[in-house]
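Novice: In our numbering, the protein residues as written are 6 to 428. The beta-carbon is built from N, C-alpha and C at its ideal position, and this holds for glycine as well. Provided herewith is a single structure, encoded as structure tokens, for subsequent inquiry.
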Ligand code: AMP
């Protein structure tokens, strides 16, 4: 089987490397870290081609933008099995207002909200909220369109900036305002074929750029799996109260969802509540969750694409920790072209796989930075502490000018859990 993968980030690198345990993989456009042969002898190749021109037995679409744009529908119309929802299901991420309205109809627990394109009505709604304000762009904003604040003046200014188009362009001309919830966050990646669903192990990611959750939000600076707070009971509860009702509602509204549903949840004092849905694997969650799958991932993706009954995957009891290295200036304006050293050495650390995100080859063939998040160093170990130790050992071997990374990824979990056999 030849599996096509659309995308070029560390998430797609992780998807391709796990698919390549049982299938040949063709990635478009891919990145310089991907090409090669897997330990099992399957090839990963990169081609810079229109995905609609590729001849493959299965297509896995990595990022949200082409899904929202209907790429899955166009490929399906050509008879290609596709892992990824059509444009109708992709609206769960493409429009936060659509998502909130749909889950409200399904009676899924989630934050109280309103959707506004009028600054006066938005201001009135803000005054009804107690204990914090959350302002989101309705449209896609690369994971950066959310403000959480306790200061109503800051909330008002953010609403004005978003609605005027000055901070996020058209994505912000409509906003969703929510009450602020509190509690630990758990993200679940659920593979779905219509109303059939299998859940992958839980992961926790780190959104802020600096240690101790300081500084601005990013696309994600690291992650680990399993998650001690995501016990089997919590996962079952999230599936029962949040994911299954959503899938039933989608089906009821004529949406045959085939792909991954990423459920970002908060474990509030009143029980788990939905924060958001993404319609693709989380990045960097994919880099720590997918390597733990020990059964045939390509076959499972094909079942999803064909809408067949899903066989639950088998999962390694080992833990995985991923640390992101970001470029100078991230998450603001980033500098590119910084030479990266030490990649081969880092890859030789036991249990480590370096996934490329924003990299390219310069004219001399050297790998240089070419994006905000540059690499994700992912390590597996017998527990979180051992995986974490290996990840940071590998990180210490990689250098480039302006490199930024967090030093506290999975630090707390490594202290509190020596038992990875859950999640
Ligand atoms: P989102 O892009 O919707 O996942 O939001 C990004 C982050 O903002 C989440 O991971 C949460 O940390 C935070 N957040 C979003 N919505 C809420 C909410 N209603 N209450 C508290 N925090 C939230």
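Please find out if some non-hydrogen atom of the ligand AMP comes closer than 7 angstroms to the beta-carbon of residue 116.
Specialist: Here residue 116 is taken as the residue at index 111 of the chain shown, counted from 1. Checking the Cβ of residue 116 against the ligand AMP gives yes.
Novice: What are the residues that DSSP puts in a beta bridge with residue 219?
Specialist: Counting from one through the chain shown, the residue named residue 219 turns up at place 214. For residue 219, which the question treats as bridged, DSSP gives the partners 215.
Novice: Between the C-alpha atoms of residue 223 and residue 332, what's the straight-line distance to the nearest angstrom?
Specialist: What you label residue 223 is simply residue 218 of the chain shown in a count that begins at 1. What you label residue 332 is simply residue 327 of the chain shown in a count that begins at 1. Their Cα atoms are separated by approximately 12 angstroms.
Novice: Taking all protein chains shown into account, decide if residue 18 is buried (16 or more other Cβ within 10 angstroms of its Cβ) or exposed.
Specialist: Numbered from its first residue, the chain shown carries residue 18 at position 13. By the neighbour-count rule (16 or more Cβ atoms within 10 Å), residue 18 is buried.
Novice: Check residue 361 in the structure and name its three-state DSSP category.
Specialist: Within the chain shown, the letter at position 356 stands for residue 361. Reduced to three states, the DSSP call for residue 361 is strand.
Novice: Between the C-alpha atoms of residue 329 and residue 142, what's the straight-line distance to the nearest angstrom?
Specialist: Within the chain shown, numbered from 1, the residue matching residue 329 stands at position 324. Within the chain shown, numbered from 1, the residue matching residue 142 stands at position 137. So the two alpha carbons sit approximately 25 angstroms from each other.
Novice: Alpha carbon to alpha carbon, how far is residue 410 from residue 225?
Specialist: For the purposes of this step, residue 410 is taken as the residue at position 405 of the chain shown. For the purposes of this step, residue 225 is taken as the residue at position 220 of the chain shown. Rounded to whole angstroms, residue 410 to residue 225 spans 11 angstroms at the Cα level.
Novice: Quick one: grab the DSSP three-state call for residue 262.
Specialist: Within the chain shown, the letter at position 257 stands for residue 262. Coil at residue 262, not helix or strand.
Novice: In the DSSP output, what is residue 355 paired with across the bridge?
Specialist: Here residue 355 corresponds to residue number 350 of the chain shown, with the count starting at 1. In the DSSP output, where bridge partners are listed per residue, residue 355 has none listed.
Novice: Which residues in the same chain have their Cβ closer than 6 angstroms to the Cβ of residue 265, if we skip the five residues on either side of it in sequence?
Specialist: Along the chain shown, one-based indexing puts residue 265 at 260. Cβ neighbours of residue 265 beyond the five flanking positions: 194, 196 and 286.
Novice: In its own chain, which residues sit with a C-beta less than 6 angstroms from the C-beta of residue 116, not counting the 5 before and 5 after it?
Specialist: The residue given as residue 116 occupies position 111 in the chain shown. If we look at residue 116 and ignore the five residues flanking it on each side, its Cβ neighbours are 183, 184 and 186.
Novice: Which runs of the beta strand (DSSP E) fall wholly inside the stretch 163-194 and span at least 3 residues, in chain order?
Specialist: For the stretch 163-194, whole beta strand (DSSP E) runs of length 3 or above, ordered along the chain, are 180-184.
Novice: Quick one: does the C-beta of residue 185 sit closer than 7 angstroms to a heavy atom of the ligand AMP?
Specialist: Position 180 of the chain shown holds residue 185. Yes, since a heavy atom of the ligand AMP falls inside the 7 angstroms radius drawn around the Cβ of residue 185.
Novice: Provide the residue span of the beta strand (DSSP E) that contains residue 278, from first to last.
Specialist: Looking up residue 278 in the chain shown gives position 273. Residues 276-283.
Novice: Suppose contacts are defined by Cβ-Cβ distances below 8 angstroms. Is residue 168 in contact with residue 153 by that definition?
Specialist: Numbered from 1 along the chain shown, position 163 holds the residue referred to as residue 168. Numbered from 1 along the chain shown, position 148 holds the residue referred to as residue 153. In this structure, residue 153 does not lie closer than 8 angstroms to residue 168 by Cβ.
Novice: Can you list, in chain order, the residues of its chain with a C-beta nearer than 8 angstroms to that of residue 400? Leave out the 5 residues immediately preceding and following it.
Specialist: To locate residue 400, count along the chain shown from 1; it is residue 395. If we look at residue 400 and ignore the five residues flanking it on each side, its Cβ neighbours are 328, 330, 351, 382 and 410.
Novice: May I ask whether a heavy atom of the ligand AMP can be found less than 7 angstroms away from the beta carbon of residue 153?
Specialist: Within the chain shown, the letter at position 148 stands for residue 153. Yes, since a heavy atom of the ligand AMP falls inside the 7 angstroms radius drawn around the Cβ of residue 153.
Novice: Short check: CB of residue 249 to CB of residue 38, under 8 angstroms?
Specialist: In the chain shown, residue 249 corresponds to position 244, counting from 1. In the chain shown, residue 38 corresponds to position 33, counting from 1. No. Outside cutoff.
Novice: Provide the residue span of the beta strand (DSSP E) that contains residue 64, from first to last.
Specialist: Start at 1 with the first residue of the chain shown, and residue 64 comes out as number 59. 63-66 is the extent of the beta strand (DSSP E) around residue 64.
Novice: Could you tell me which of 267, 255, 231 and 326 sits nearest to residue 243, measuring between CA atoms?
Specialist: Residue numbering aside, residue 243 sits at position 238 when the chain shown is read from its first letter. When only C-alpha atoms are compared, the closest one is 267.
Novice: Please check the pair residue 114 and residue 284, which I expect to be a contact at CB under 8 angstroms, by giving their CB distance rounded to whole angstroms.
Specialist: Looking up residue 114 in the chain shown gives position 109. Looking up residue 284 in the chain shown gives position 279. Not confirmed; about 20 angstroms, so no contact.
Novice: Tell me, to the nearest whole angstrom, how far the beta carbon of residue 219 is from that of residue 190; I am working on the premise that it is less than 8 angstroms.
Specialist: Position 214 of the chain shown, counted from the start, is the residue given in the question as residue 219. Position 185 of the chain shown, counted from the start, is the residue given in the question as residue 190. Actually they are not in contact, since the Cβ atoms of residue 219 and residue 190 sit about 17 angstroms apart, beyond 8 angstroms.
Novice: By the 10 Å Cβ neighbour count, where 16 or more other Cβ atoms means buried, how is residue 420 classified, buried or exposed?
Specialist: Start at 1 with the first residue of the chain shown, and residue 420 comes out as number 415. Exposed, by the Cβ-count rule.
Novice: If I'm right that residue 296 touches residue 247 with Cβ under 8 angstroms, what's the distance once you round it to whole angstroms?
Specialist: On the chain shown, residue 296 is found 291 positions in, with the first residue counted as 1. On the chain shown, residue 247 is found 242 positions in, with the first residue counted as 1. About 26 angstroms; that fails the 8 angstroms criterion.
Novice: When the Cβ atoms of the stretch 82-97 are set against those of the stretch 43-63, are three or more pairs found closer than 8 angstroms?
Specialist: Yes, the stretch 82-97 is in contact with the stretch 43-63.
Novice: Are there any heavy atoms of the ligand AMP lying less than 7 angstroms away from the beta-carbon of residue 280, as far as the coordinates show?
Specialist: Counting from 1 along the chain shown, the entry for residue 280 is found at position 275. Yes, since a heavy atom of the ligand AMP falls inside the 7 angstroms radius drawn around the Cβ of residue 280.
Novice: Taking 7 angstroms as the line, does the beta carbon of residue 190 fall inside it for any heavy atom of the ligand AMP?
Specialist: As a working note, residue 190 is residue 185 in the chain shown. Residue 190: yes, Cβ under 7 angstroms from the ligand AMP.
Novice: Near residue 253, what residues of its chain come up, given a Cβ to Cβ distance below 8 angstroms and the 5 sequence neighbours on each side ignored?
Specialist: The count along the chain shown starts at 1 and reaches residue 253 at position 248. So the qualifying residues of the chain are 111 and 200.
Novice: If you draw a straight line from the alpha carbon of residue 424 to that of residue 388, how long is it in whole angstroms?
Specialist: Taking the first residue of the chain shown as 1, we reach residue 424 at position 419. Taking the first residue of the chain shown as 1, we reach residue 388 at position 383. In this prediction, residue 424 has a pLDDT of 45, which is less than 50 and means its spatial position is unreliable; what the coordinates show is noted afterwards. Roughly 7 angstroms separates the two Cα atoms.
Novice: Confirm the yes/no value for this check: CB of residue 105, any heavy atom of the ligand AMP, distance under 7 angstroms.
Specialist: Taking the first residue of the chain shown as position 1, residue 105 is located at position 100. Result no, Cβ not under 7 angstroms from the ligand AMP.
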